[in-house]
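As structure tokens, then:
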């Protein structure tokens, strides 16, 4: 089923059992992209591997090719942690993960975190060890390290390095064929034949076909993780790794399906990886190319997708999250037909007649579909529960460089949001800023360059403003007078107010204590309306005021010139007169933050929090061994760069979540700075 040089024909699997969906994951510098290129080149006739460094890659790269009796959909993912959303999309698209570990550098923290994610969902895994030609490389130590960190990892081959560790790998020793005792025992332990291990230990010879079948079972059930040394540029280990993909990794028919519902949230019914079943597919990645147009990478879970099929498109991120996810509003739409189908091949594609259950395919003309959306039959709409989306925690305020760009910016940003579910868009009505929330600085750079290069909208960053609040800190009495006589009906209203601070979270209270009709009853509501409107607009620096009681104690009216608007204006004037630096304080938002770091980084993280005016409320062991969770409250003003700074402080081991907790007093020196610059 190899693709001939110059052929446009995509390999077509006859059944889900003939498909292998495999995603490569690993940190920058591990040789992941080089390995990917050589695996593809080994099976695609006429293709030469590109050995350029793709460590700065920002998105999934996919290739479909025939290998032996199967069709492989191979995915390469970015190593930069800013693009973990692409990695998670790759994990959803695949049925097995191939972890790429440098024999010189070992297992980094981000790889450990990804391993834990795969373990939580029982995803089958294998390990490719690279960079063995480097001077500090040590295969045996890498195997031992992986066994300590990952558990049941076993080398099923060993490198042949004639000049010793650090030299070029010239071959492999097949440990299964050589009957390496511990490897065979580990594989046979997972055999469905419960008597096989006992018979083997008693000396019975076990044929290789049985061992390889048991290896497949052990890997497919997520209980055994084979390790292979590789040297991609010389080709050593490439065939063995492809053989492992073909024979050892599971097909879609052996993989669990994600949960599927009706679009109203009800039960969809039993579903299996059956090409004859109802169509259920998911958009795992969306791209827009100025020449090709919009393309969606789609994983088909059930049924068969064909060009020109009518489909139902549903996206319900809000339904699953319980809240609005950025600009991703829930939506349901019917499309008369989808566009052409194609199999991806790195930077090109091949036309494809259909995509059966278990397959990956590029789909054109899905203009209304966003990443994580479900494609299904209009006769039986479905909704796939989306994968866990990482939370963007780096806010950046931007503005268009020109008026012409400003007019296009909102529309273009909506387009980016539909492609990238790890981006959030905040059109902040309080600060009057456009804020994009990203995963990190590399993600910000990608978004701004996409705006300029793809959509021709130039933007630049500006200082991020925080939505503050104002409140009174001492009681005072003040009179507001709106008295104007200019011929005809004038304006006349006088109101005397007592203003008092309330405990945090109390809101705004209005109390009427006028006696003797000093303010006519029909204008009491006008005073309250004017007071509330002024508090909402701000009384000193233009931020909404909170936690205040306003009491109307006295006033005066004119039988002809008093009006609703006059009393509203008088109430606002009174509050503004009452506000000064001694009576009003600024409040800042405080976030509750949970920080998960490696035990060795707890001290440096706590020291950093003290410099951010953070209040630490306690620590506890993380659910992951060797890690600690720190619970703290930190002013939002101090968190604008925390997504970047935590990586530095924790040596890349830290993650955090944040949520609004309350408002509290802003230190006077900071309040003075902010009021001055407002």
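Numbering (UniProt numbering), first residue to last: 1 to 678. Note that beta-carbon positions come from the ideal geometry of N, C-alpha and C, so glycine has one too.
Identify the residues that DSSP records as bridge partners of residue 84: which are they? As a working note, residue 84 is residue 84 in the chain shown. Note: residue 84 sits in no beta bridge, so no partner.
Under 8 angstroms, do residue 107 and residue 57 count as touching if we go by C-beta distance? To locate residue 107, count along the chain shown from 1; it is residue 107. To locate residue 57, count along the chain shown from 1; it is residue 57. No, these two residues do not count as a Cβ contact at 8 angstroms.
Just the C-alpha distance for residue 674 and residue 78, rounded to the nearest angstrom, thanks. Position 674 of the chain shown, counted from the start, is the residue given in the question as residue 674. Position 78 of the chain shown, counted from the start, is the residue given in the question as residue 78. Their backbone Cα atoms lie some 40 angstroms apart in a straight line.
For the structure I just gave you, are there three or more beta carbon pairs, one from the stretch 108-118 and one from the stretch 181-193, closer than 8 angstroms? no
Neighbourhood of residue 573 by C-beta distance below 8 angstroms, restricted to the same chain and skipping five residues each side: The count along the chain shown starts at 1 and reaches residue 573 at position 573. So the list reads 480, 481 and 482, once near-sequence residues are dropped.
Which residue from 385, 305 and 363 puts its Cα closest to that of residue 293? One-based indexing of the chain shown puts residue 293 at position 293. Residue 293 has its Cα closest to that of 363, out of 385, 305 and 363.
How would you write the range of the alpha helix (DSSP H) that residue 215 sits in, first residue to last? Here the question's residue 215 lines up with position 215 in the chain shown. Start and end: 208-220.
For residue 556, which three-state DSSP category applies? On the chain shown, position 556 is the one that residue 556 refers to. Three-state result, residue 556: strand.
What three-state label does DSSP hand residue 146 in the structure shown? Residue mapping note: residue 146 aligns to position 146 of the chain shown, counting from 1. Helix, per DSSP.
Which of helix, strand or coil does DSSP assign to residue 651? For the purposes of this step, residue 651 is taken as the residue at position 651 of the chain shown. It is coil, neither helix nor strand.
Consult DSSP for residue 587 and reduce its assignment to one of helix, strand or coil. The residue you call residue 587 lines up with position 587 of the chain shown. Note: residue 587 maps to strand in three-state DSSP.
Which of the three DSSP states, helix, strand or coil, is assigned to residue 411? For this step, residue 411 is matched to residue 411 along the chain shown. Three-state result, residue 411: helix.
Nearest-angstrom Cα distance between residue 133 and residue 204? As a first step, residue 133 must be located in the chain shown, where it is residue number 133. As a first step, residue 204 must be located in the chain shown, where it is residue number 204. Residue 133 and residue 204: Cα-Cα distance of roughly 39 angstroms.
Beta carbon of residue 373, beta carbon of residue 415: below 8 angstroms? Mapped onto the chain shown, residue 373 falls at position 373. Mapped onto the chain shown, residue 415 falls at position 415. Taking 8 angstroms as the Cβ cut-off, residue 373 and residue 415 do not qualify as a contacting pair.
Quick check: the Cα distance between residue 557 and residue 529, rounded to an integer number of angstroms? Taking the first residue of the chain shown as position 1, residue 557 is located at position 557. Taking the first residue of the chain shown as position 1, residue 529 is located at position 529. Whole-angstrom Cα-Cα distance: 17 angstroms.
Can you tell me the Cβ-Cβ gap for residue 507 and residue 473, rounded? I've got them flagged as a contact below 8 angstroms. For the purposes of this step, residue 507 is taken as residue 507 along the chain shown, with counting starting at 1. For the purposes of this step, residue 473 is taken as residue 473 along the chain shown, with counting starting at 1. That pair is no contact at about 17 angstroms.
Across which residues does DSSP place residue 510 in a beta bridge pair? For the purposes of this step, residue 510 is identified with residue 510 of the chain shown, where counting begins at 1. Bridge partners of residue 510: 550.
Please give the ranges of any alpha helix (DSSP H) in the stretch 226-256, keeping only runs that are unbroken, at least 4 residues long and fully inside the region. 238-247
Contacts around residue 398, its chain only, beta-carbon distance under 6 angstroms, and the 5 residues preceding and following it disregarded: Here the question's residue 398 lines up with position 398 in the chain shown. Correct list, in chain order: 434, 459 and 461.
Does the contact criterion of 3 or more C-beta pairs under 8 angstroms hold for the stretch 91-106 versus the stretch 21-35? yes
Own chain, CB closer than 6 angstroms to residue 383, minus 5 neighbours either side, in chain order: Against the chain shown, residue 383 aligns to sequence position 383. Correct list, in chain order: 261, 263, 314, 316 and 374.
According to DSSP, residues forming a beta bridge with residue 268: Residue numbering aside, residue 268 sits at position 268 when the chain shown is read from its first letter. Its beta-bridge partners do not exist; DSSP assigns none.
Under three-state DSSP, which class holds residue 3? Position 3 of the chain shown, counting from 1, holds the residue named residue 3. Low local confidence applies: a pLDDT of 42 at residue 3 is under 50, so the model's placement there is unreliable, and no value is given.
Backbone secondary structure at residue 137 - three-state DSSP: On the chain shown, position 137 is the one that residue 137 refers to. DSSP places residue 137 in coil when its eight states are reduced to three.
Among 19, 43 and 83, the one whose alpha carbon lies nearest that of residue 389: To locate residue 389, count along the chain shown from 1; it is residue 389. Cα-wise, what sits closest to residue 389 is 83.
For the pair the stretch 536-554 and the stretch 499-506, tell me if three or more CB-CB distances fall below 8 angstroms. yes
Starting from residue 450, follow its DSSP beta bridges and name the residues at the other end. Within the chain shown, the letter at position 450 stands for residue 450. In DSSP, residue 450 forms no bridge with anything.
For residue 261, which beta-bridge partners are listed by DSSP? Here residue 261 refers to the residue found at position 261 when the chain shown is read from its first residue. DSSP output for residue 261 lists 267 and 383 as bridge partner(s).
For residue 1, which residues in the same chain have their Cβ closer than 6 angstroms to its Cβ, ignoring the five residues on either side in sequence? Here residue 1 refers to the residue found at position 1 when the chain shown is read from its first residue. Residue placement at residue 1 is flagged as unreliable, the pLDDT there being 42, under the threshold of 50; the coordinate-derived value follows with that caveat. Contacts found: 11 and 66.
Closer than 7 angstroms: is that where the CB of residue 495 sits relative to any heavy atom of the ligand SAM? For the ligand SAM, the structure offers nothing, since it holds no ligand at all.
Assuming residue 592 and residue 661 form a contact by the criterion Cβ under 8 angstroms, report the distance between their Cβ atoms to the nearest whole angstrom. The count along the chain shown starts at 1 and reaches residue 592 at position 592. The count along the chain shown starts at 1 and reaches residue 661 at position 661. So it is a contact: roughly 4 angstroms between Cβ atoms.
Does residue 744 come out as helix, strand or coil in the three-state DSSP assignment? There is no way to answer for residue 744, as the model of the chain reaches only from 1 to 678.
Length-filtered (4 minimum) alpha helix (DSSP H) runs lying within the stretch 461-544: 524-537
With DSSP collapsed to three states, give me the class of residue 36. Here residue 36 is taken as the residue at index 36 of the chain shown, counted from 1. Correct three-state label for residue 36: helix.
Do you know offhand how far residue 250's Cα is from residue 92's? As a working note, residue 250 is residue 250 in the chain shown. As a working note, residue 92 is residue 92 in the chain shown. Straight-line Cα distance between these residues: approximately 14 angstroms.
Excluding the five sequence neighbours on either side, which residues of its own chain have a C-beta within less than 7 angstroms of the C-beta of residue 5, listed in chain order? Here residue 5 refers to the residue found at position 5 of the chain shown. Confidence is the limiting factor: at residue 5 the pLDDT is only 38, short of 50, which leaves the residue's position unreliable, though a coordinate-based value still follows. Once the five neighbours on either side are set aside, the close Cβ partners of residue 5 are 45 and 46.
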